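So the structure is just underneath, and the comments pick up after that.
Structure (structure tokens):
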């Protein structure tokens, strides 16, 4: 299944993958080698910790390989509808906001990147400029108006 990513996100994931495969793996292998030298592995906290770190690392490497192999750079369709990759300007009663709709792997709410699977992301996909929509949140319903799409 394709993952639609920005060029920036794809490069970030590739750099992280390279770092984990070529540097972090060696560091953890060295930690394991050192921990094994302590002897009895059944009660060796350093060994157990290094094995857990190795397991986590290998899981992240697999995840990144999958994301990078499925990555497709986003291309804007000029139909005026919000899609993955769109930057959307919205306003509500209290706030004006700017969000980019992205894949979950790229989501970063602090930097205005929201997943297309999030409640707001789902509600925005396919909508056009001027559309008003309502989102249910734990604090209650929020009404948004789409001001612009780029």
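Residue numbers (this note's numbering): 1 to 150.
Idealized CB from N, CA, C, for every residue including glycine.
This one's a predicted model, so the numbers in the text were calculated from it and none came from an experiment.
Sorted by chain position, which residues of the same chain lie with C-beta nearer than 8 Å to residue 107's C-beta, five sequence neighbours on each side aside?
The residue labelled residue 107 in the question sits at position 107 within the chain shown. Cβ within range, chain order: 113, 114, 115, 118.
Helix, strand or coil for residue 133, going by three-state DSSP, please let me know.
On the chain shown, residue 133 is found 133 positions in, with the first residue counted as 1. Three-state DSSP puts residue 133 in a strand.
Around the C-beta of residue 1, are 16 or more other C-beta atoms found within 10 angstroms, so that it is buried, or is it exposed?
For the purposes of this step, residue 1 is taken as residue 1 along the chain shown, with counting starting at 1. So residue 1 ends up on the exposed side.
Among 48, 26, 20, whose alpha-carbon lies nearest the alpha-carbon of residue 35?
Here residue 35 corresponds to residue number 35 of the chain shown, with the count starting at 1. Comparing Cα-Cα distances from residue 35 to each of 48, 26, 20, the minimum goes to 48.
Contact defined as beta carbons within less than 8 Å: I believe residue 122 pairs with residue 132. What is the distance between those atoms, to the nearest angstrom?
Counted from its first residue, the chain shown places residue 122 at position 122. Counted from its first residue, the chain shown places residue 132 at position 132. The Cβ separation is near 16 Å, so there is no contact.
With a 10 Å radius around its C-beta and 16 neighbouring C-beta atoms as the bar for buried, classify residue 153 as buried or exposed.
The chain is shown from 1 up to 150; residue 153 falls before or after that span and cannot be answered.
Give every residue of the same chain whose Cβ lies closer than 6 Å to the Cβ of residue 67, excluding the five residues on either side of it in the sequence, and list them in chain order.
On the chain shown, position 67 is the one that residue 67 refers to. Contacts found: 3, 13, 105.
Where does residue 6 fall in DSSP's three states?
Position 6 of the chain shown, counting from 1, holds the residue named residue 6. Here DSSP, grouped into helix, strand and coil, assigns residue 6 to coil.
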